[in-house]
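1 is the number of the first residue of the sequence shown in the numbering used here; add one for each residue after it.
Have a look at the structure below before the remarks.
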Amino acid sequence: EAALPASLRKITLVKELKHYGVEAVDESAIDDEHKEAKLGYKGTKLGHNNVTTLRVYQEQAVKDISDKNSVVVMPTGSGKTLVAAECLKIRLSKVCSSKKGLFLVPTCDLVSQQAEVLNDWTKLRAKEFMGGRAIPPISEFDILVSTPDAFRKLQMRQQSFAWSLFSICIFDEVHHVLKDHPYRHLA
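Printed below as a string of structure tokens:
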């Protein structure tokens, strides 16, 4: 599958996920009325562009996937991270305070970057975890941002980090699940 062009890999992933009951939201489904917003995004980095509200297509994606297993397919710079952050904020506001959010990212560089965005956007406590770092106490975070391999090893060492602790899990850069990647061992 890795030899397939990116567009076919995306179609393959979406079909495979639909087989398991996971919905896919594709930015190309945005209606013509919102095409200008769709084509006019310039990135959504918090602090850099002072983004304080979601764009129309991001709000629609959040609404469409709010309580479903979903894959969001949008171009780079269109604000998928903010869609995920908003879903985390909404889900964690609805569940008891002992439930947490999990945000998995494929690289250590993204752990810090995404934790910062999640802290800024959600106003919740996002803590970083990756190999070589101390395990954050459960009482000190609402969202754990981790690499998949570090999280898998953490689960093997500590029962308290079982899946039942988390009410929502985000797989950032989910296309890696098609490869021989640590995501495959979790998904």
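For every residue, glycine included, the Cβ atom is placed at its ideal position computed from N, Cα and C.
Taking only three categories from DSSP, how would you classify residue i?
| i | result |
| --- | --- |
| K68 | coil |
| F141 | coil |
| L104 | strand |
| K127 | strand |
| H176 | helix |
| V95 | coil |
| S146 | strand |
What are the boundary residues of the alpha helix (DSSP H) that residue i is part of?
| i | result |
| --- | --- |
| E116 | 108-122 |
| H185 | 182-186 |
Mind checking which residues open and close the beta strand (DSSP E) that includes residue i?
| i | result |
| --- | --- |
| I170 | 166-171 |
Using the Cβ count rule (16 or more neighbours within 10 Å means buried), how would you classify residue i?
| i | result |
| --- | --- |
| H185 | exposed |
| G132 | exposed |
| K100 | buried |
| T44 | A caution first: T44 carries a pLDDT of 42, below 50, which makes its placement in the model unreliable, though a value can still be read off. Looking at its Cβ environment, which holds 16 or more other Cβ atoms inside 10 Å, T44 is buried. |
| W163 | exposed |
| V117 | buried |
| V71 | buried |
| T52 | exposed |
| S98 | exposed |
| P182 | buried |
| D172 | buried |
Is residue i close to the ligand SAH? I mean its beta-carbon at under 6 Å from any heavy atom of the ligand.
| i | result |
| --- | --- |
| R91 | You won't find the ligand SAH in this model; it holds no ligand whatsoever. |
Rounded C-beta distance between residue i and residue j? I'm assuming under 8 Å.
| i | j | result |
| --- | --- | --- |
| Q58 | G79 | 5 Å |
| Q158 | I135 | 7 Å |
| L54 | L92 | The Cβ separation is near 17 Å, so there is no contact. |
contact_flag[the region 81-89, the region 145-155] where n(CB pairs < 8 Å) is 3 or more: no
Are at least three pairs of beta-carbons, each pair with one atom in the region 52-71 and one in the region 97-106, less than 8 Å apart? no
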